[in-house]
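Below is one structure; the comments refer to it alone.
Residue numbers (the numbering used here), protein chains in the order written: chain C, 718 to 1143; chain X, 346 to 729.
Written out as structure tokens, the structure is:
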């Protein structure tokens, strides 16, 4: 056979071998890079409008919003004199009278400017209950008549608590870790170290954990339902495959609100699912499917199924039937062939589908709000509440920031394990 | 089904002894009406290189798939080394298979691909490594062991597929158009390489192709498939020189076909009156007097020698000349309007319109019955 040495087959290997040794080749490749630079610049210019749009409508707003999690100048702006007076304060016990006087002056200025409520709200975010105390003091200062401001302020017990001044002092620094720590159920204690908040005030870690658990459960459910279906579609004859794909996509084309409402109809106490379960004799009493974790997971699974299924299907479709035939002919039993030949090849699709669903689930808002119970609210519901109801954008930004970091970390881990180029998102 | 000969359900003992692989009255239908394979009887000897040749849809791939175990015959028995494989799944048949698109596993390296059939057989690791190295040496790909299949050229991938199908020492290797995706030069090179492996290893090979030159180059015997059955089974020179039907005559190699009508049958020969005038004496292959027939003549059997008196002489005019380097093809229009291709030497210089005398021996002309274009088929489109 050596007489038939196919020189054309070994040529790439030879070229590679030479290039390592030959410095000339390297200068050639540098010249090629220079020559291609203009082309790269042109293609970048074509993408420029999109990049500018993305930066203006997506990048900058997100950065600005998220920056509110660590940058809150409200208190520093509202209490300039107090800030100055507190600059020499040791941080323990009560500050001297000058600070109380400066506070009284600042409060009066705020009342005159009409920013007293904003100040009260901002302080309240750091010190629950501060709002009413600030507004009370402002009112008393206004109606004090000839009473010296120092006495008025000192007559309110709130201002005699060291914790109050610690909060004000930390608030006068515009850059704050307060909201980010709060989002993780942490806080600065009087000794200047980070500690957990008392269990009665801790909520967010639990909500994050719940969000991740629900997302994981939904991802698993979509995978269990979606994988066999994707396989069926991928191996079905063309006509049937098209019908099945439409059946999968049909709910995908309906508004998420409509689908959620439909699940409300099905899952409610006197709804169809309960009727059916009773009729079949699976249950003796009607189940609380609505406003429960199980109902939430069912509805989210339905909505997310196409996101998990489609990447898996698109990868399965690229695997020729001869792969499995080859495995069989080489002596692999069906399960071995599936495990060692089929699964490794669809794995990137499975990962992509699961990642897509998991990340989308982390941001679910409407479905938990409508179908979940009070204890099934996910992190997005809390963020929405801070934005819409509490008007505490700093806290909303902090929670969003933590969620974003978690999500990116997760994506990073997957990309690291799998390699981004192998991640087949549709 | 009642008309089937008795005893066809079990292989005859005589056939058992003769054939390494034996197809007995095998039929395959996908929908119960049309048959992909009909009444197939085929015996493959141990160590033989047998090619199933035919146009697409002729049943050759279905036959191969039934042997591999991917399809089950609707009727009939297939035996391998005397044992029926009817109930044997593909992974227990111990048959190596090479696919047209190679079917290498893209997520494994070349070594892992070749080791796959051994590792599913739970063979000792050190033993696997030694056998993989040996078989990769055999296909001269040892240094590519840690590459992925996608990093190899088409010919190299096909050699990996060969190595993988041979490494577990199957006694039978099936190849389904394994060279179909390669360019002509590489294909010819791989044909020789496969043939050498066959000789070296003494393995039995059943090879499927639609390329007749490939079949003639490599095979010990060729089964020409048409319409779900074997039109003719024989050695390459049998098929080329003595085709038994006009289908085989036109499918194997190049052939001139003249339409006519049998006037007289005299012993092994017959006199054919050509459509549009003229007559020719030909070797009779199952033709009846008075029936329409096709006369097939190879271009290289036709001559322009004016002196030759024996055999057929047909007056014609030159209609064109194709220069092919080592020879030329002359298009000669007969007086009846039918055109013959004549293979002539590279030095011939005939102008268009020049009159020539085309001659050939009567033994080189073969007259077949002219039935429904394809001829000689065992077509059966409905069940009994």
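The C-beta atom is built at its ideal place from N, Cα and C for all residues, glycine as well.
Could you confirm whether any beta carbon from chain X is found closer than 8 Å to the beta carbon of residue i?
| i | result |
| --- | --- |
| residue 683 (chain C) | No information on residue 683 (chain C) is available, as it lies outside the stretch 718 to 1143 that chain C covers here. |
| residue 1037 (chain C) | yes |
| residue 1053 (chain C) | yes |
| residue 1046 (chain C) | yes |
| residue 1050 (chain C) | yes |
| residue 1128 (chain C) | no |
| residue 726 (chain C) | Here residue 726 (chain C) scores only 48 on pLDDT, less than 50, and its place in the model should not be relied on; the value that follows carries that caveat. True, the Cβ-Cβ gap to chain X drops below 8 Å. |
| residue 1058 (chain C) | yes |
| residue 1132 (chain C) | no |
Decide if residue i is buried, meaning its Cβ has at least 16 other Cβ atoms within 10 Å, or exposed.
| i | result |
| --- | --- |
| residue 1070 (chain C) | buried |
| residue 599 (chain X) | exposed |
| residue 512 (chain X) | buried |
| residue 440 (chain X) | buried |
| residue 776 (chain C) | exposed |
| residue 521 (chain X) | buried |
| residue 1146 (chain C) | A question about residue 1146 (chain C) goes unanswered here, because the residues of chain C that appear run from 718 up to 1143. |
| residue 404 (chain X) | buried |
| residue 668 (chain X) | exposed |
| residue 819 (chain C) | buried |
| residue 658 (chain C) | Not covered by the structure: residue 658 (chain C). The range shown for chain C is 718 to 1143. |
| residue 1106 (chain C) | exposed |
| residue 743 (chain C) | exposed |
| residue 912 (chain C) | exposed |
| residue 943 (chain C) | buried |
| residue 1122 (chain C) | exposed |
| residue 375 (chain X) | exposed |
| residue 1144 (chain C) | This structure leaves residue 1144 (chain C) out entirely; chain C is present only between 718 and 1143. |
Establish whether the CB of residue i and some CB of chain C are separated by less than 8 Å.
| i | result |
| --- | --- |
| residue 364 (chain X) | no |
| residue 509 (chain X) | yes |
| residue 411 (chain X) | no |
| residue 444 (chain X) | yes |
| residue 735 (chain X) | Nothing can be reported for residue 735 (chain X), as the shown portion of chain X is limited to 346 through 729. |
| residue 435 (chain X) | yes |
| residue 462 (chain X) | yes |
| residue 440 (chain X) | yes |
| residue 417 (chain X) | no |
| residue 394 (chain X) | no |
| residue 466 (chain X) | yes |
| residue 513 (chain X) | yes |
| residue 354 (chain X) | At residue 354 (chain X), the pLDDT of 39 sits below 50, so the modelled position is not reliable; the number obtained from the coordinates is stated separately. For residue 354 (chain X), the answer is no, since every Cβ of chain C falls outside 8 Å of its Cβ. |
Can you check DSSP and say which residues form a bridge with residue i?
| i | result |
| --- | --- |
| residue 396 (chain X) | X:552, X:567 |
| residue 579 (chain X) | X:567 |
| residue 429 (chain X) | X:424 |
| residue 673 (chain X) | X:668, X:689 |
| residue 625 (chain X) | X:617 |
| residue 521 (chain X) | X:553 |
| residue 611 (chain X) | X:614 |
| residue 660 (chain X) | X:702 |
| residue 892 (chain C) | C:788 |
| residue 639 (chain X) | X:604, X:713 |
In chain order, what residues of the same chain have a beta carbon less than 8 Å from the beta carbon of residue i, not counting five sequence neighbours either side?
| i | result |
| --- | --- |
| residue 1129 (chain C) | none |
| residue 976 (chain C) | 968, 1016, 1019, 1020 |
| residue 949 (chain C) | 961 |
| residue 884 (chain C) | 840, 843, 844, 847 |
| residue 578 (chain X) | 387, 566, 567, 568, 569 |
| residue 456 (chain X) | 477, 481, 490, 491 |
Using beta carbons (cut-off 8 Å, strictly below), is residue i in contact with chain B?
| i | result |
| --- | --- |
| residue 1042 (chain C) | In summary, chain B is missing from the structure at hand, where the protein chains are C and X. |
Starting from the C-beta of residue i, find all residues in its chain whose C-beta is less than 7 Å away, skip the five residues before and the five after it, and write them out in chain order.
| i | result |
| --- | --- |
| residue 1013 (chain C) | 931, 1084, 1085, 1088, 1089, 1093 |
| residue 981 (chain C) | 1007, 1087, 1088 |
| residue 1133 (chain C) | none |
Under 6 Å Cβ to Cβ from residue i, same chain only, skipping five residues before and after it: list those, please.
| i | result |
| --- | --- |
| residue 1109 (chain C) | 842, 1103 |
| residue 986 (chain C) | 1003 |
| residue 1147 (chain C) | Past the edges of chain C, shown from 718 to 1143, lies residue 1147 (chain C), and the structure says nothing about it. |
Write down the C-beta distance between residue i and residue j rounded to the nearest angstrom, noting that I regard them as a contact closer than 8 Å.
| i | j | result |
| --- | --- | --- |
| residue 527 (chain X) | residue 500 (chain X) | 6 Å |
| residue 524 (chain X) | residue 535 (chain X) | 5 Å |
| residue 814 (chain C) | residue 867 (chain C) | 6 Å |
| residue 1062 (chain C) | residue 452 (chain X) | 6 Å |
Does the distance between the C-beta of residue i and the nearest non-hydrogen atom of the ligand SAM fall short of 7 Å?
| i | result |
| --- | --- |
| residue 598 (chain X) | Judged by which ligands are present, the structure shown has none, so any question about the ligand SAM falls away. |
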